Amino acid sequence: MKVGEAARILGVDSSTVRNWISHPLLTAFFSLSARNEHGGSQRVLTEPDILVLNTIRARRAQGEEWETIAAYLDSGEREKDFPANAISVDTRVISVPQAEQSARAMALLAERDAALKRVEELTGRIEQLEQEKEEIREKLTKEIKQLLRELGRLEGLLEARNQENKE
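The working numbering puts the first residue of the sequence shown at 28, with every later residue one more than the last.
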């Protein structure tokens, strides 16, 4: 879908769509073709791009800041309710149930991707904690050995003193 078509569906200006796609906090959520980094002459928006744009539209309408919108998108959530004019504006023949099902599927894929990203982050954190735990264990084992040697030395000194006192 072209930018102008998406703008009509979302009820915003084409320049607004391009600005959203180019926004530094949001650009990572768009496909290469939406960012016009695919080598083509025009931006081409995919279904996931439309869902992201719709989410931005809905969140901006609620007065949310860009950082909040980026965090929401990063969580995998997507706004599935399109403006009322979206179905009548789009001249392509897609049934409403099919469009809704597609929107749900794309939102689920985005949620899955966000969950997988979180799993990777948590796996990395677990590995880091296990490494730290092992380092602490080695350090404590070394300290225990050193303290046991010191204890043995002190016991030897105490025994020697006790022997001196008995004599």
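For every residue, glycine included, the Cβ atom is placed at its ideal position computed from N, Cα and C. All values reported here derive from a predicted model rather than from experimental measurement.
- Take Glu94, set aside five residues on each side of it, and the residues of its chain with a beta-carbon closer than 8 Å to its own are Leu52, in chain order.
- Per DSSP, Val30 is one residue of the alpha helix (DSSP H) stretching across Val30 to Leu37.
- Annotation for Ile83: Trp47, Leu53 and Ile96 place their beta carbon closer than 7 Å to its own, counting only its chain and skipping 5 residues before and after.
- For a cut-off of 8 Å, the C-beta gap from Ala85 to Glu106 is around 4 Å, short enough to register as a contact.
- Secondary structure note for Leu80: its alpha helix (DSSP H) is the uninterrupted segment Glu74 to Ala88.
- The region 74-83 makes contact with the region 57-66: 3 or more CB pairs, one atom from each, lie closer than 8 Å.
- Going by beta carbons, Asn81 and Phe109 fall inside the 8 Å limit.
- Under a 10 Å Cβ-count criterion, Arg70 is classified as buried, with 16 or more other Cβ atoms of the shown protein chains found around its own Cβ.
- Membership of Ser49 in the alpha helix (DSSP H) is indicated by the continuous run Ser41 to Ser49.
- DSSP, reduced to helix, strand and coil, places Lys169 within a helical segment of the structure shown.
- Rounded to the nearest whole angstrom, the CA to CA distance from Arg87 to Ser129 is 23 Å.
- If you draw a straight line from the Cα of Val39 to the Cα of Leu149, it comes to about 39 Å.
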